[in-house]
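To start, the structure under review is shown below, and the notes come after it.
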Amino acid sequence: MPVKSAGSGGGFVAASLPAEVAAPNAGEGLALDYGTPVPADTHDAATAAVGEFLAAYLSGSGELDRYLSPGTDLAAVSPAPYERIEVSQLAEQSGDFQMDAPATEEAQRQLLVDIWATGSDGQVRPLTYAIALKARDGRWEIAALDAAPGLSTTSKEK
44 MPVKSAGSGG
54 GFVAASLPAE
64 VAAPNAGEGL
74 ALDYGTPVPA
84 DTHDAATAAV
94 GEFLAAYLSG
104 SGELDRYLSP
114 GTDLAAVSPA
124 PYERIEVSQL
134 AEQSGDFQMD
144 APATEEAQRQ
154 LLVDIWATGS
164 DGQVRPLTYA
174 IALKARDGRW
184 EIAALDAAPG
194 LSTTSKEK
């Protein structure tokens with residue numbers, strides 16, 4: 044969806060109805076606050092949790108509630124727009140992604156997750172989600188599906 048500046052107060056507003064279009068250019072000084080992305084490894088607990096959640100969320104594969112942290116209220120996309128979901132890479136907010144990071148009780152992580160979503164027509168689409176994880180009972184659960192990725196608080200160098 045095209046966006047435009049909201050004026051001197053900062054931020055952006057929608058400039059049209061929803062449609063598939065190219066992403067807007069990042070403005071000067073904007074940068075995401077994530078470390079270097081790493082390829083997905085399904086043996087990693089966080090990657091597996093995110094992949095299984097997104098499969099349930101986008102393809103109806105599995106029960107969504109089993110991946111959600113208590114108090115998180117999300118509904119699966121309906122009708123399910125995709126048949127297959129594959130996590131391609133992940134990045135962690137404020138640092139590099141750590142595989143097999145300890146899931147100590149109440150630990151939290153903010154991830155930027157790139158996936159390949161395959162529709163019933165065989166068309167593969169790249170999608171990206173900002174996801175908050177929270178540890179509980181030795182596993183990672185989805186605490187939030189953020190509307191936008193985290194932005195760096197430092198300005199981007201030219």
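First residue of the sequence shown: 44, per the working numbering; consecutive thereafter. Ideal placement from N, C-alpha and C gives every residue a C-beta, glycine not left out. Computed from a prediction, not measured in an experiment: that's the story for all the values here.
Complete runs of the alpha helix (DSSP H) confined to the region 54-124 [at least 4 residues]
88-102
Query - Environment of Gly54 [buried if 16+ CB atoms lie within 10 Å] - result: Position 11 of the sequence shown, counting from 1, holds the residue named residue 54. Exposed, since its Cβ has fewer than 16 Cβ neighbours within 10 Å.
* To do: Would you mind sorting Thr85 into buried or exposed? The rule is 16 or more other CB atoms within 10 Å of its CB.
  => As a first step, residue 85 is located in the sequence shown; it is residue number 42 there, counting from the start. The residue is exposed, with fewer than 16 neighbouring Cβ atoms inside 10 Å.
Review point. Using the beta-carbon count (16 or more within 10 Å), is Arg109 buried or exposed?
Key: As a working note, residue 109 is residue 66 in the sequence shown. Exposed, because fewer than 16 other Cβ atoms sit within 10 Å of the Cβ of Arg109.
Of the listed residues Ala74, Arg182, Asp143, Ala88, nearest to Gln136 (C-alpha basis)
In the sequence shown, counting from the first residue as 1, residue 136 sits at position 93. Taking only the C-alpha atoms, the option nearest Gln136 is Ala74.
Under 8 Å by Cβ, that's how I've got Ala83 and Leu154 pegged, so tell me the actual separation to the nearest angstrom.
Residue mapping note: residue 83 aligns to position 40 of the sequence shown, counting from 1. Residue mapping note: residue 154 aligns to position 111 of the sequence shown, counting from 1. About 11 Å separates the two Cβ atoms, so there is no contact after all.
### Spatial distance of Thr90 from Ala49 (CA atoms)
As a first step, residue 90 must be located in the sequence shown, where it is residue number 47. As a first step, residue 49 must be located in the sequence shown, where it is residue number 6. In a straight line, the C-alpha of Thr90 is about 36 Å away from that of Ala49.
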